[in-house]
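Notes to accompany the following structure.
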Amino acid sequence: MKNMLPTAQLFLRLALGIGFILPVMDRLGMLGLPGEPNVGWGNWSNFIDYTHSLMPYLNRPIAGIMGAIATIAEVVFGILLIVGFKTRLTAIGSFALTLTFALSMLFFAGYRAPFNYSVFTVSAASLLLSVIGEYKWSIDASLKA
């Protein structure tokens with residue numbers, strides 16, 4: 000248990016990165032059909048309906064654009080976190096995105112929703128990752144050497 004920070008940051012990067020990629024796969028129908036076990040949306044339309052429920056002040060087409068932007072950000076953040084490239088900047092972006100999700104869920108889906116899905120935890124973990132000084136086992140570390 001001497002210095003667990005390198006292992007902890009790697010585990011945190013992988014957990015956050017995979018945590019971004021899996022929901023994207025779900026909304027694209029890659030994890031199964033709507034209603035199947037462990038499938039949240041199962042297709043893009045269901046995801047956009049949910050996105051619209053978190054942004055009821057926007058019309059559905061604009062909510063669809065926001066959902067697409069969030070999805071692109073999640074794919075980019077997921078990949079960059081997994082490989083450890085531009086980790087600090089990516090973690091800050093991840094923090095901002097997930098804090099936005101958490102606050103939207105809090106205001107429009109009820110106070111329990113962001114806690115049931117640990118969105119505030121993911122946001123805080125992203126912020127914590129952004130302040131770690133060194134990202135061992137990453138592209139960032141390879142480029143530094």
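For the sequence shown, numbering that gives the first Met the number 0 begins at 0 and goes up steadily by one. Just so you know, even glycine gets a beta-carbon here, dropped at the ideal spot from N, CA and C. Quantities reported herein were computed from a predicted structural model and do not represent experimental measurements.
Problem - Distance between Ala-108 and Phe-100 (C-alpha atoms, nearest Å) - result: Translated into positions along the sequence shown, residue 100 becomes position 101. Translated into positions along the sequence shown, residue 108 becomes position 109. When rounded, the distance between both Cα atoms is 11 angstroms.
Problem - alpha helix (DSSP H) segment containing Phe-84, residue limits - result: Along the sequence shown, read from residue 1 onward, the residue named residue 84 stands at position 85. Neither: Phe-84 is in no alpha helix (DSSP H) and is coded neither H nor E.
Problem - Contacts around Ala-112, its chain only, beta-carbon distance under 6 angstroms, and the 5 residues preceding and following it disregarded - result: Taking the sequence shown and counting its residues from 1, the one referred to as residue 112 is at position 113. Same-chain partners within the cutoff: Met-104.
Handout entry: Ordered list of alpha helix (DSSP H) runs contained in the region 40–76, each at least 4 residues
Key = 43–53
Problem - Span of the alpha helix (DSSP H) around Lys-143 - result: Taking the sequence shown and counting its residues from 1, the one referred to as residue 143 is at position 144. It spans 138–143 - the alpha helix (DSSP H) in which Lys-143 sits, taken as one unbroken run.
Practice task
Taking the CB atoms as reference points, tell me whether Ala-67 and Ser-129 lie closer together than 8 angstroms.
Solution key: Indexing the sequence shown from 1 puts residue 67 at position 68. Indexing the sequence shown from 1 puts residue 129 at position 130. Taking 8 angstroms as the Cβ cut-off, Ala-67 and Ser-129 do not qualify as a contacting pair.
Exercise for the section: Less than 8 angstroms between the CB atoms is what I'm expecting for Leu-4 and Ile-138, so what's the real figure, rounded? Expected result: By 1-based counting over the sequence shown, the position of residue 4 is 5. By 1-based counting over the sequence shown, the position of residue 138 is 139. Contact doesn't hold; Cβ gap of about 18 angstroms is too wide.
Problem - Beta-carbon proximity list for Thr-70, same chain, < 6 angstroms, skipping 5 on both sides - result: The count along the sequence shown starts at 1 and reaches residue 70 at position 71. Excluding positions up to five away in sequence, the list reads Val-23.
Practice task
Would you check if the distance between the CB atom of Arg-12 and the CB atom of Gly-92 is smaller than 8 angstroms?
Solution key: Within the sequence shown, residue 12 is the residue found at index 13, counting from 1. Within the sequence shown, residue 92 is the residue found at index 93, counting from 1. No.
Practice task
Rank Leu-142, Lys-143, Glu-133 by C-alpha distance to the C-alpha of Thr-6 and give the top, closest one.
Solution key: Here residue 6 refers to the residue found at position 7 when the sequence shown is read from its first residue. Comparing Cα positions, the closest option is Glu-133.
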